[in-house]
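K.L.:
Residue numbers (the working numbering): 1 to 345.
#1: Starting from residue 219, follow the beta strand (DSSP E) in both directions and report where the run begins and ends.
#2: Please report the straight-line C-alpha distance between residue 267 and residue 287, rounded to a whole angstrom.
#3: With 16 other CB atoms within 10 Å as the buried threshold, where does residue 107 fall?
#4: Which same chain residues, not among the five before or five after residue 346, have their C-beta less than 6 Å away from its C-beta?
#5: Just to confirm, are residue 150 and residue 127 a CB contact at a threshold of 7 Å?
#6: Residue 324 to residue 254, Cα distance in whole Å?
#7: Who are residue 51's beta bridge partners in DSSP?
#8: Alpha carbon to alpha carbon, what distance is there between residue 320 and residue 99?
#9: Where residue 175 and residue 301 are concerned, what is the direct C-alpha to C-alpha distance, given to the nearest angstrom?
#10: If you reduce the DSSP assignment to three classes, tell me which class residue 343 lands in.
#11: Please give me, in chain order, every unbroken run of the alpha helix (DSSP H) with length at least 4 that falls completely inside the region 230-307.
#12: Kindly give me the distance between the Cβ atoms of residue 233 and residue 289, rounded to whole angstroms, as I take these residues to be in contact under 8 Å.
#13: Express the C-alpha separation of residue 295 and residue 49 in angstroms, rounding to a whole number.
#14: Out of curiosity, what's the CA-to-CA distance linking residue 220 and residue 345?
#15: Just tell me which of 305, 156 and 171 has its CA closest to the CA of residue 341.
#16: Does the distance from the CB of residue 186 to the CB of residue 222 come in under 7 Å?
#17: Can you grab the Cα-Cα spacing for the pair residue 47 / residue 184, in whole Å?
#18: Looking only at its chain, what residues have a beta carbon closer than 7 Å to the beta carbon of residue 139, apart from the 5 residues adjacent to it on each side?
#19: Suppose the cutoff is 6 Å on Cβ atoms and the five residues either side in sequence are ignored; what does the same chain contact list for residue 298 look like?
#20: Between which residues of its own chain and residue 213 is the CB-CB distance below 8 Å, once the five residues before and five after are set aside?
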């Protein structure tokens, strides 16, 4: 009898299955048959593990479809890379990487995307487009959470940053609450607050400084940093940790009163390129957020900033590692594969 191939998400358990079938004895004391025990064991392992080839047989065109969608969207809107990378971080940081950030609010629930820190998160349409194409090619197979994770890798790589194999197999969560967004790091956080916040997600000090480097593609509206530019304290008109000339330039972009709601500043001088310029700017006292600039003023983090500013390849290597860790933050165990990323099934 010929060997039957297993679907991609089960192939990793092939040898494990054979061993159990031939070596397990009945379990009369528990009144559980070996086959039922086998199914439970495989189900438990498959739920817990993410795998780079999860869709290799069930949706082999997955990465091609997503990368083409990301590239097309980025051509029409150069802010897409920064927006998708931010979306991934904000999604994983709340309830784990479960696409809860994509769920729309309802009459009885205000969802994450409408929480104050997420009001400026954009490009949800790109995830919708990728999902629609995937539903035509491999229906009810690819989770919205995996689409975000793969898209985040793609925007980094297409912007000149590192490429890595995304672990897949996430499920989409059913819960999304705007009130949970209070747990996102604020642009005014100090190093101790940042360390504590990241540690709650199993991320180290190095992970925190490394993932902050994603701001190399970032943009901020004036409201997130203008407090540093005027009447900073009773002793200082401008935040003393900010380069004075840089602060005066930001004042011009963020005047008082400011009638331009889209006014703001890119978070590094090469905003369309994923590089280590962000860290160089911090050392030059040109960090836009006080949370970013604080990384230079604290001995626990300054050495990492200096290392990345000096060695871009080191930053890329560590960024890959930290993104994999971020993407591995577990979501709900009671997840699903949504048919529409904006609503639960």
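Ideal Cβ positions, reconstructed from N, Cα and C, are used throughout, including at glycine.
P.N.:
Short version:
#1: 219-221
#2: 7 Å
#3: exposed
#4: The first residue shown for the chain is 1 and the last is 345, placing residue 346 beyond what the model contains.
#5: no
#6: 36 Å
#7: 168
#8: 21 Å
#9: 34 Å
#10: strand
#11: 244-253, 277-283 and 290-297
#12: The pair is not a contact, with the Cβ atoms about 17 Å apart (cut-off 8 Å).
#13: 34 Å
#14: 34 Å
#15: 171
#16: no
#17: Confidence in residue 47 is poor, its pLDDT being 48 and thus under 50, which makes the residue's placement unreliable; the coordinate value appears in the next sentence. Distance between the alpha carbons of residue 47 and residue 184: 26 Å.
#18: none
#19: 191
#20: 276, 278, 279, 308, 315 and 319
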